[in-house]
Amino acid sequence: FIFSEYLPLMHPYEDYRISHASLKRKGGGVVLNLNHDIDMMYYLFGMPSTVIGFENQANILKIDCEESVNLVFSYRKDNYDFHCKVDLDFIGKPTKRMWSIVGEKGRIDIDLTKNNYHLFLHKKGEIILDERKKIFYRRNELFEYQIKELIAPKTRNLVTFNEACKVMNICLESKKSLKQKKIINIT
């Protein structure tokens, strides 16, 4: 998972140096502000068992919180170990949002900035499907849908409070790993 977006252009109407995203005391930093891909990782794979984080400390933007990190999450599912890597930064131009998921039967690459995906399926080393498609949606539709779900009669929640707490825990344990510079068990 990659989420790279240049912080000064995220809200061009405000001075990024005093925005909540830039200030540690206001919950700033990429882990808490670009956590959408951590949320998606949890949605797809569940709770990781450990995290190790690496902070790139160039401090290009002169902010008092992390501006670029690489996080590696470990999973154990059905006696099978795998890892998910999440790269988040406030310094990338142009914006980049990409997901790549590789499995024993194939791979899917999703580019959320170009609105497309590339799916490969293989069998015994031979590619049996090589499909590229455009994803058609207007970005505003996502926000409109969220608002409609928020005010709709509560037959179901998109995300439960418990799930949101679990994702926040993953984020906080990731920040702990960055600070302590070691592998952290996620409970």
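Residues in the sequence shown are numbered consecutively from 72, following the working numbering. Cβ atoms here follow ideal geometry from the backbone N, Cα and C, with glycine treated the same way.
Which first and last residues belong to the alpha helix (DSSP H) in which His107 is found?
-> Here the alpha helix (DSSP H) through His107 covers His107 to Phe116.
Cβ contact check for the region 103-111 and the region 119-129: 3 or more pairs under 8 Å | Counting Cβ pairs under 8 Å, fewer than three are found: no touch.
Leu132 in three-state terms, based on DSSP | Secondary structure of Leu132 (DSSP, three-state): coil.
Quick one, are the C-beta atoms of Asp160 and Val101 less than 8 Å apart?
-> Yes, Cβ-Cβ distance for Asp160 and Val101 is below 8 Å.
Within 10 angstroms of the Cβ of Cys242, are there 16 or more other Cβ atoms? Answer buried if so, exposed if not.
-> Its Cβ being crowded by 16 or more others within 10 Å, Cys242 is buried.
Nearest CA to the CA of Tyr188: which residue from Lys205, Ile255 and Glu175?
-> For Tyr188, the nearest C-alpha among the options comes from Lys205.
With Glu197 as the anchor, note down where its beta strand (DSSP E) starts and where it stops.
-> For Glu197, the enclosing beta strand (DSSP E) has its first and last residue at Glu197 to Lys205.
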